[in-house]
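Numbering (full-length UniProt numbering), first residue to last: 1 to 450.
Just so you know, even glycine gets a beta-carbon here, dropped at the ideal spot from N, CA and C.
Being a predicted model, the structure only gives us computed values, none of them experimental.
Next comes the structure, spelled out in C-alpha cells:
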C-alpha cells in the first residue's frame, strides 16, 4: 500500500485536536472503492504500521476524557485502516478503559474480525459504540465490493444487536454494480437488526476508478430519490452523505427509535423554528444549540402547524436527533472575520462542487451594500472523475479555476477565501504545497478562514 511513514508529530496532532487514536493503516479488506488505491503520485499521505504499545501509552495521555474517543477514523493525512487488525487491539481497549472508565469509545470497523470473543470484550468495556461499514449484506455483493468471501461481517450485525452494543451502519452506494435491490436489502438488514442510524455514502473516484465503478453524474440525485422513498419504511434514520441540499432550513432528518428525541415528541420532517427563543440559521446551528443544553424549549413547524415542546436531556448529547450537515455558523463567523480583517469589499469565495448551492445562500447573508461576494466552484483536476469534495482540492486546482475566472473578465477581488478542508494544520494541501502559493502565482490576496 502506498504511503510515507507517518511522523510522530502528525500522530500526536490527530490525538490532541480530534481525539482520534490512530492504530494502524493495515486493512484486511480489498474494497473496490477504497480511496487509498486511487491516489495520484503527487499526493502525500501517511501509512501507519501497527503502533507499539509504548507509543500508544504515551498518546493516550493526550486524549480528552470529556470527549468521545474515536478509533478507526482519520481527520489528517494518515490513512485509516481496520483497527481490529492491530495485533494488540484487545490490550489497547483495556488500556483506554482503565485510563478512562466512563468515556465513550467509538470504533469504525468493517466487522469481519468481530468474533464472539471480541464482542464479549466490547460488551464488558461499555460504553462502546461501533460504526459498521457493511456495504452489502449479500455474499455476492460483499465479494464484489469488498473482496470478502466470509460471513463474519454480516453475522456481526446480529451479534451486536444480541449483545446490546449500540452501532451505526454505513454503506458505500454502488447500485450500478450490485443492483438497487441489493442496496435496499442491505439497508433493511441494518435497520431490522438494530442500527441506530445508517449513512449512505455517495462514491467518488478519479477518472479511472469512476469509469471502472460506472459512477454516473446523476447518481447523487438518484440516491437522494432512493433515500426519500425508503425513509418512511426503515426502522432508523437514513442519511445520504454528502447530503443533496438546496436550502439551510433546519429540518429534522430522522429520530432514533427509543431515544430522548423520540420521547420528547420530535419527528422526521419537523422544522425547528426556535430553540429557547432563538432562531437557528441552519441545520448544524440547530443541532449544536440543542446538543449543548440540558433542557430546551423547541418551537417546531409540523405539517404547517406550530408545536412547542420541552425536552429534558443530557447536555452534550443529541440524544437521538439526526440532522443533515449543511453549514456551521462558526464558518460564517470566520468568513466575516476575514473580510473585516482585510477590509475587503470585493470577495471571491472558492468552494467545492458539493457545497456550491449552500455557499451561495451563505453569501447572500454576508453580502451588504459595501461588500460584494461572488462564489467560485472549483473542480478537482488532480483527481478528476467524480470527486466533488473540498478535502481533495489542491493548490493547482484553485490556481486553474482562478485563472479561468480572471480570463472571463469577472470581478477583480481584493480577497480570495479558500475552503479550510483543503488544507492541513500547517496550511498545506494534499501534495504538500502551501496555500500562499496561490497568492504568489496570481497576485491576489488569499486567505483561509480558520
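Out of curiosity, what's the CA-to-CA distance linking residue i and residue j?
| i | j | result |
| --- | --- | --- |
| residue 436 | residue 120 | 51 Å |
| residue 135 | residue 240 | 14 Å |
| residue 421 | residue 434 | 13 Å |
| residue 202 | residue 145 | 14 Å |
| residue 331 | residue 407 | 29 Å |
| residue 168 | residue 17 | 24 Å |
| residue 271 | residue 199 | 21 Å |
| residue 173 | residue 313 | 34 Å |
| residue 71 | residue 304 | 43 Å |
| residue 448 | residue 193 | 44 Å |
| residue 368 | residue 360 | 14 Å |
| residue 81 | residue 23 | 8 Å |
| residue 123 | residue 41 | 42 Å |
| residue 409 | residue 444 | 15 Å |
| residue 274 | residue 425 | 35 Å |
| residue 459 | residue 429 | No information on residue 459 is available, as it lies outside the stretch 1 to 450 that the chain covers here. |
| residue 432 | residue 290 | 38 Å |
| residue 387 | residue 381 | 9 Å |
| residue 116 | residue 159 | 8 Å |
| residue 19 | residue 108 | 14 Å |
| residue 319 | residue 27 | 32 Å |
| residue 189 | residue 137 | 7 Å |
| residue 128 | residue 11 | 23 Å |
| residue 183 | residue 450 | 38 Å |
| residue 261 | residue 354 | 29 Å |
| residue 45 | residue 394 | 13 Å |
| residue 77 | residue 9 | 12 Å |
| residue 118 | residue 214 | 37 Å |
Is it the case that the CB of residue i approaches a heavy atom of the ligand FMN more closely than 6 Å?
| i | result |
| --- | --- |
| residue 175 | The ligand content of the structure shown is nil, which means the ligand FMN is not present either. |
What residue range does the beta strand (DSSP E) around residue i cover?
| i | result |
| --- | --- |
| residue 350 | 346-352 |
| residue 301 | 295-302 |
| residue 22 | Unbroken run through residue 22: none, as it is neither H nor E. |
| residue 374 | 372-378 |
| residue 366 | Not the beta strand (DSSP E): residue 366 falls in the alpha helix (DSSP H), residues 356-366. |
| residue 239 | 238-241 |
Applying the 10 Å Cβ sphere with the 16-neighbour rule, what's the burial state of residue i?
| i | result |
| --- | --- |
| residue 1 | Bear in mind that the predicted position of residue 1 carries a pLDDT of just 42, short of 50, making it too unreliable to give a figure here. |
| residue 283 | buried |
| residue 210 | buried |
| residue 225 | exposed |
| residue 221 | exposed |
| residue 140 | exposed |
| residue 133 | buried |
| residue 333 | exposed |
| residue 79 | buried |
| residue 187 | buried |
| residue 55 | exposed |
| residue 310 | exposed |
| residue 148 | buried |
| residue 315 | exposed |
| residue 196 | buried |
| residue 464 | With the chain covering 1 to 450 only, the question about residue 464 has no answer from this structure. |
| residue 205 | buried |
| residue 233 | exposed |
| residue 364 | exposed |
Check whether chain D comes within 7 Å of residue i, counting only Cβ atoms and requiring the distance to be less than that.
| i | result |
| --- | --- |
| residue 241 | Here chain D cannot be found, since the structure has a single protein chain. |
If you follow the alpha helix (DSSP H) that residue i is part of, which residue opens it and which one closes it?
| i | result |
| --- | --- |
| residue 417 | Not the alpha helix (DSSP H): residue 417 falls in the beta strand (DSSP E), residues 415-417. |
| residue 399 | 395-407 |
| residue 340 | 329-342 |
| residue 387 | Counting along the chain, residue 387 falls outside any alpha helix (DSSP H), and DSSP gives it neither H nor E. |
| residue 441 | 436-442 |
| residue 153 | 152-163 |
Please determine if the segment 141-161 and the segment 110-124 are in contact, where contact requires at least 3 C-beta pairs separated by less than 8 Å. yes
Beta strand (DSSP E) runs wholly inside the segment 167-223, at least 3 long, in chain order: Listed in chain order, they are 167-172, 198-201.
Can you confirm whether the segment 24-36 touches the segment 99-107 when touching is taken to mean that 3 or more C-beta pairs between the two stretches lie within less than 8 Å? no
For the segment 244-261 and the segment 323-338, state whether three or more C-beta atom pairs, one from each stretch, are separated by less than 8 Å. yes
Only counting runs of 3 or more residues, tell me where the beta strand (DSSP E) segments fall wholly within the segment 249-310, in order along the chain. 271-275, 295-302
Does the pairing of the segment 9-28 with the segment 54-66 give three or more beta-carbon distances under 8 Å? yes
Segment contact flag, the segment 290-301 with the segment 258-277, C-beta cutoff 8 Å, min 3 pairs: Segments in contact, yes.
Could you say if the segment 409-424 and the segment 339-356 meet the contact criterion of at least three C-beta pairs nearer than 8 Å? yes
Quick one: complete beta strand (DSSP E) runs, 3+ long, within the segment 103-138? 105-109, 128-133
Secondary structure, alpha helix (DSSP H): runs of 4+ residues fully inside the segment 52-108: 53-60, 89-99
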